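Scroll down for the structure; my scribbles are underneath it.
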Amino acid sequence: MSAHDRRYLISLNAGEPGDDAAIMAIRSAFFDWLKKAGAEIVEDGGANRVVIAAAPETAERACGLAYVRTVEPYA
15 MSAHDRRYLI
25 SLNAGEPGDD
35 AAIMAIRSAF
45 FDWLKKAGAE
55 IVEDGGANRV
65 VIAAAPETAE
75 RACGLAYVRT
85 VEPYA
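Numbered by my numbering, the letters in the sequence shown go through residues 15 to 89 in order.
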């Protein structure tokens, strides 16, 4: 984690409740994207919530992903 990284709470559009295959596909795609973007998963909150450590620019780019609902600063 770089000195400029901050923590963000990401809420994902995890598909329909009970659609485990869709939820897993979305999470897998997002985790792959995070790895390529150089972000670090700090806390995995379940099906649709993840806390990451990333540069502000990375968090801003995450807002544009189709499966991301919200990106909020996290203390």
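Beta carbons are placed, not taken as given, at the ideal position from N, Cα and C, and that holds for glycine.
Note that the coordinates shown come from a computational prediction; the quantities given were computed from them, not determined experimentally.
Bounds of the beta strand (DSSP E) holding P87 are 82 to 87. Relative to the Cα of T84, the nearest Cα in the group R41, R63, D58, A39 belongs to R63.
About 6 Å separates the beta carbon of E54 from that of I66, a gap short enough to meet the 8 Å contact definition. A straight line joining the alpha-carbon of E30 with that of R20 spans about 30 Å. Looking from the CA of F45, the closest CA among Y81, P87, Y88 belongs to Y81. Relative to L48, the option among A35, N27, A76, A28 whose CA is nearest is A76.
DSSP, read as helix, strand or coil, puts E74 in helix. For L23, the enclosing beta strand (DSSP E) has its first and last residue at 20 to 26.
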